[in-house]
Ligand SMILES: [Zn+2]
Ligand SMILES: [Zn+2]
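In our numbering, the protein residues as written are 624 to 979.
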């Protein structure tokens, strides 16, 4: 137990928790151990980080102290939250990225902007079974806010309680280092974790449900339109030989065309154009063995250097580029992030597959 640095203790008078920075040195700190009740000394030397230690002969050898750093942080957090009702809690931005591989669609929704609401009440404070997380339920105006304090970053998990309460993860991962290595006052470290947005990350916001269902609806539209256009690709994977029960070709019936929203159509068009651009580039390099190509300034397609105008759109301004394995690394991603696909769609409406 001696090698554990105890950053806080309990005042004999009143029973409040105090950090080592808030008390006198030595026995004059007037504290006992919050865990085992032994008399504490505040050790504020030069060599080690300031900490509390059990006073000599104060501990019970038969019942050794089981002070735990993580649990200690949680109790201090609880007291700080109880003592600062009305203070503002900074919350970060919440940008939710949704992705659907089948529909080849990805979108970022801004669920909420950074804010700093005041909390009116600490409704409850609970420790998880293994002391890895502590959950503070706060009342913020008409709403509730659940702060999940946790040490290992991976402990965070999306809202599982199903009560649709806003939920924010507060990572305490660097608390120990800030205390022992950077030697910041412990009370400041803990307070900055509770009140600043720096260590927080949204796990759930009730508004995200709306975005998830909007996104799912678009993806459903995209996949059913793709199925309609190309039923073969969307056949379910071949079942094992011994399952004759399912009817063959069940997806090959072409359904009548449904109204497809503009957004779904745009995404389908976008992905189709991206494929065409990639195919044109790949054909030049792999099939036609070209080490150079012209990159059309207008439609953004690549074409043969021997052509004076772009065979896709007829434009004549182009940049000559080198084709090598490096160029093809994450090419689709590059075309998307640089904006070539958007530019291509803007400058050239009709699709054609000429490259020569
Ligand atoms: Zn103790
Ligand atoms: Zn062109």
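By construction, the Cβ of each residue, glycine as well, lies at the ideal position given by its N, Cα and C atoms.
Any chain B beta carbon closer than 7 Å to residue i
i, result
"residue 643", "Structure shown: chain B not included; a single protein chain is present."
Residue i CB to nearest heavy atom of ligand 2 below 6 Å
i, result
"residue 967", "no"
"residue 935", "yes"
"residue 588", "This structure cannot settle anything about residue 588, because the visible part of the chain is limited to 624 through 979."
"residue 919", "yes"
"residue 939", "no"
"residue 922", "yes"
Contact set for residue i: own chain, Cβ-Cβ below 8 Å, skip 5 residues either direction
i, result
"residue 636", "653"
"residue 945", "914 and 915"
"residue 922", "933, 935, 936, 938, 967, 970 and 971"
"residue 606", "Since the first residue shown for the chain is 624 and the last is 979, residue 606 is missing from the structure and cannot be characterised."
"residue 884", "841 and 844"
"residue 928", "913, 915, 916, 917 and 943"
"residue 907", "913, 916, 925, 926, 927, 946 and 978"
"residue 667", "643, 648 and 673"
Cβ neighbours of residue i in the same chain (closer than 7 Å, five flanking residues each side left out)
i, result
"residue 747", "760"
"residue 660", "none"
"residue 835", "721"
"residue 822", "793, 794 and 816"
Beta-carbon proximity of residue i to residue j, cut-off 7 Å
i, j, result
"residue 841", "residue 887", "yes"
"residue 772", "residue 757", "yes"
"residue 662", "residue 681", "yes"
"residue 699", "residue 742", "no"
"residue 808", "residue 644", "yes"
"residue 719", "residue 732", "yes"
"residue 896", "residue 964", "yes"
"residue 955", "residue 890", "no"
"residue 702", "residue 768", "no"
Straight-line gap, residue i to residue j (C-alpha atoms, nearest Å)
i, j, result
"residue 816", "residue 704", "12 Å"
"residue 734", "residue 665", "46 Å"
"residue 947", "residue 972", "29 Å"
"residue 912", "residue 960", "26 Å"
"residue 695", "residue 633", "11 Å"
"residue 724", "residue 839", "12 Å"
"residue 745", "residue 898", "54 Å"
"residue 910", "residue 846", "31 Å"
"residue 679", "residue 762", "44 Å"
"residue 958", "residue 729", "15 Å"
"residue 786", "residue 831", "14 Å"
"residue 800", "residue 672", "11 Å"
"residue 755", "residue 693", "7 Å"
"residue 930", "residue 820", "56 Å"
"residue 855", "residue 849", "10 Å"
"residue 751", "residue 677", "27 Å"
"residue 683", "residue 805", "33 Å"
"residue 708", "residue 892", "53 Å"
"residue 697", "residue 803", "18 Å"
"residue 638", "residue 646", "14 Å"
"residue 642", "residue 962", "54 Å"
"residue 749", "residue 833", "30 Å"
6 Å CB neighbourhood of residue i in its chain, flanking five on each side removed
i, result
"residue 894", "727"
"residue 942", "918"
"residue 932", "939"
"residue 629", "674, 675 and 690"
"residue 904", "925"
"residue 711", "739 and 741"
"residue 825", "717 and 791"
"residue 650", "664"
Residue i CB to nearest heavy atom of ligand 1 below 6 Å
i, result
"residue 690", "yes"
"residue 658", "yes"
"residue 661", "yes"
Host beta strand (DSSP E) of residue i (start-end)
i, result
"residue 731", "728-735"
"residue 796", "First-last for residue 796: undefined, no H or E at that position."
"residue 944", "941-945"
"residue 758", "756-763"
"residue 766", "766-773"
"residue 746", "744-750"
"residue 718", "717-723"
"residue 827", "823-827"
"residue 971", "It is not in any beta strand (DSSP E) - residue 971 carries neither H nor E in the DSSP assignment."
"residue 675", "674-677"
"residue 983", "Nothing about residue 983 can be read from this structure; the chain reaches only from 624 to 979."
"residue 919", "915-919"
The alpha helix (DSSP H) enclosing residue i, as first and last residue numbers
i, result
"residue 851", "831-852"
"residue 900", "885-905"
"residue 961", "954-961"
"residue 706", "692-706"
"residue 786", "Per DSSP, residue 786 belongs to no alpha helix (DSSP H) and is neither H nor E."
"residue 818", "809-818"
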